[in-house]
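Numbered according to numbering that gives the first Met the number 0, the sequence shown terminates at residue 458, and the numbering increases by one at each position without gaps. Here the structure is laid out as structure tokens; the discussion comes afterwards.
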Amino acid sequence: MLTTRIQVLVIDSVHLDEDKQIARNRSVPWTIYVKSRDITEDEVSKFKVLEKKGIEDKIAIIGNNKDSYATTIVNLLNRTTKDDIIRLLSVLTNDLLIELDGFQASLLALNKIDSSLPYAAFSKYLNSHDQVVSLLSSYNLTLLFVLQDKTQIVDNLRDTTPFINELYQYLFEKLLSNDDINLQFIGAQLLKELLSVKVYRDLFWNGPNKWLKDLLNLFDNKTSDLQLKYYALLSVWLLTFNKDIVNELPNQHPEIVPLLLNIAKESVKEKLVRVAVSSLLNLVSVDNNEAIVKVVLLHKGLITVKKLNERKWTDEELKTDLENLLTVVNETVITLTTFDEYENELKTGKLTWSPAHKAEQFWIDNSEVFREQNWKHLKTLLSLLEGSSDLEPSQKYLNQAIVCHDVAELLKHLPESLDVLNKLGAKAKIMALLNSPDANVKYEALNATQTFVSLVFNH
């Protein structure tokens, strides 16, 4: 099974790399800013010595003065209003967080002075009119959050929570919901980095419901970019490692299951199939998994997983996950096809295509039970052909289709039920549904009618 350990990588974006290089090459009028008292001579000296230097030379200069540079950068970001200084510092910070080991520790040490530091110095620019600055601010904040060790993450959570939530809001409102695929691409990468940390996944889940909807929208056909979908899928997969999230996910976002099944079934890239299957396995592997397995079965998940197991794969983890997924679903199906489950569903008056209806073994094992209490369960089943007046049309049609299906199955496995069904007027009621406006009802009614006719002919 895939693990949640994801290495922090440099963001893959030609768009952002080009903007950073332009900012590095742009000169800043330091002398003018010193005269206007926007910056001190001592501060200027720290940055003038870096001019026209490559990243390796900059690291060599800053490496022995990390704390001093961290303090100067944060102080300047907190007070300057000069766009070129802000952009220069944003790029420099980004380079140092990526390339200079320990620089993030120097920035994080400022938290001992002020609990809002260093985060506030970057979050204030998330809504900057300069897109490069806002992008780099989100990037720098993400690196500061994820490069902390586990102890720091927990200890600092009270201070970081408002800034993390602000960052999530920026990613969804400004990047992931944007029509510009370059911005979506950056946002998706930053999001999956944040979600690689468990407590940050909890913060995400406790945020607005719209966030996950916006994430799932990235799978729409409006973009064919497989790499963008891969990053978005990694975020979904990471969420499935939190048990509390998994227990709530099927109810709050039932579309997640058919989405994952479709990706696994249709994707041409094995890495997408691997992550989708691993996500499904995480979903069905929790305790009390009956509800989620029912959703999987409703969307023909068992058939899909069986077919996937028959395909040739090069990835050994994918093979193992598919085998485990099939085993878990099959084992749960057995528990879901008891007559108790079937009876409880009848009592609700709202049928669904739960495993009992479709499983051949259920009818083999339980057809005789319909005799009990003067065919009580059969009478209850037939009563759902008409249904109560408060039923939604979609539920009424669903009830009718399933009743027709179940009557056909009962006739096949318990032929003597034919006489009882005829006395109850079932045949006439089902034949009347051949004119139903619902295609599924017509199909199941036709199948049941043919079963009636076949039994009468052979009776």
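Ideal Cβ placement from N, Cα and C applies to all residues, glycine included.
By the neighbour-count definition (other C-beta atoms within 10 Å, threshold 16), D219 is an exposed residue.
The DSSP assignment places complete alpha helix (DSSP H) segments of no fewer than 4 residues inside the segment 135-215 at 149-154, 156-169, 180-193 and 197-204, in order along the chain. With a cut-off of 8 Å on Cβ pairs, the segment 100-108 is in contact with the segment 123-143, counting three or more such pairs. Relative to A400, the option among D418, L417 and N434 whose CA is nearest is N434.
Take T448, set aside five residues on each side of it, and the residues of its chain with a beta-carbon closer than 8 Å to its own are K426, I429, M430 and L433, in chain order. 9 Å or more divides the Cβ of L384 from the Cβ of N373.
Apart from the 5 residues on each side of it in sequence, N110 sits with its Cβ closer than 6 Å to the Cβ of L116 in its chain, given in chain order. Judged by DSSP secondary structure, G300 falls within the alpha helix (DSSP H) whose first and last residues are G300 to E309. Excluding the 5 residues flanking it on each side, Y138 has same chain C-beta neighbours closer than 7 Å at I10, N93 and L189, in chain order.
Residue state for T337 is assigned as coil, using DSSP reduced to three classes.
With respect to the C-alpha of L49, the residue from T80, H376, V27 and R36 having the closest C-alpha is V27. DSSP places W312 outside both helix and strand once states are collapsed to three, so it counts as coil. Across the structure, D83 and D129 are spaced so that their CA atoms are roughly 10 Å apart. Contact between S195 and L237 holds: their C-beta atoms lie close to 6 Å from each other, under 8 Å. If you keep only unbroken alpha helix (DSSP H) runs of at least 4 residues inside the segment 229-265, you get 242-251 and 255-265. In the three-state reduction of the DSSP assignment, V48 falls in the coil class. Its chain contains L259, I262 and A263 as the residues whose beta carbon lies nearer than 6 Å to that of A275, once the 5 sequence neighbours on both sides are disregarded; these appear in chain order. Of the residues assessed, R25 falls on the exposed side of the cut-off, its CB having fewer than 16 other CB atoms within 10 angstroms.
Put simply, the backbone Cα of E322 is about 7 Å away from that of N308.
By the criterion of a C-beta distance shorter than 8 Å, P253 is surrounded in its chain by V294, once the five residues flanking it on both sides are discounted. If the five residues before and after L202 are omitted, its C-beta is found closer than 6 Å to the C-beta atoms of I163, all from its own chain and listed in chain order.
By the Cβ criterion, the segment 351-360 is in contact with the segment 328-337, since at least three pairs of Cβ atoms, one from each stretch, lie closer than 8 Å. The residue from K191, N181, G53 and D16 with its alpha-carbon nearest to that of D224 is N181. Every alpha helix (DSSP H) of 4 residues or more that sits fully in the segment 327-385 is shown, in chain order, as 338-347, 354-357, 359-365 and 371-382. Restricting attention to alpha helix (DSSP H) runs no shorter than 4 residues, the segment 72-130 encloses them at 82-98, 102-107 and 118-122, ordered along the chain. In the structure shown, the three-state DSSP call for T450 is helix. The C-beta distance from E342 to H376 rounds to 7 Å, short enough to fall under 8 Å. Here W352 has L297 as same chain residues with Cβ atoms under 6 Å from its own Cβ, once five neighbours each way along the sequence are excluded. By the 16-neighbour rule on beta-carbons within 10 angstroms, R200 is buried. In the three-state reduction of the DSSP assignment, R25 falls in the coil class.
By the neighbour-count criterion, in which a residue is buried when 16 or more other Cβ atoms sit within 10 angstroms of its Cβ, S136 is buried. The shortest C-alpha to C-alpha distance from K306 to any of E443, L325, Q20 and L95 is the one to L325.
Here D66 has S105 as same chain residues with Cβ atoms under 6 Å from its own Cβ, once five neighbours each way along the sequence are excluded. Rounded to the nearest whole angstrom, the C-alpha separation of D179 and P354 is 44 Å.
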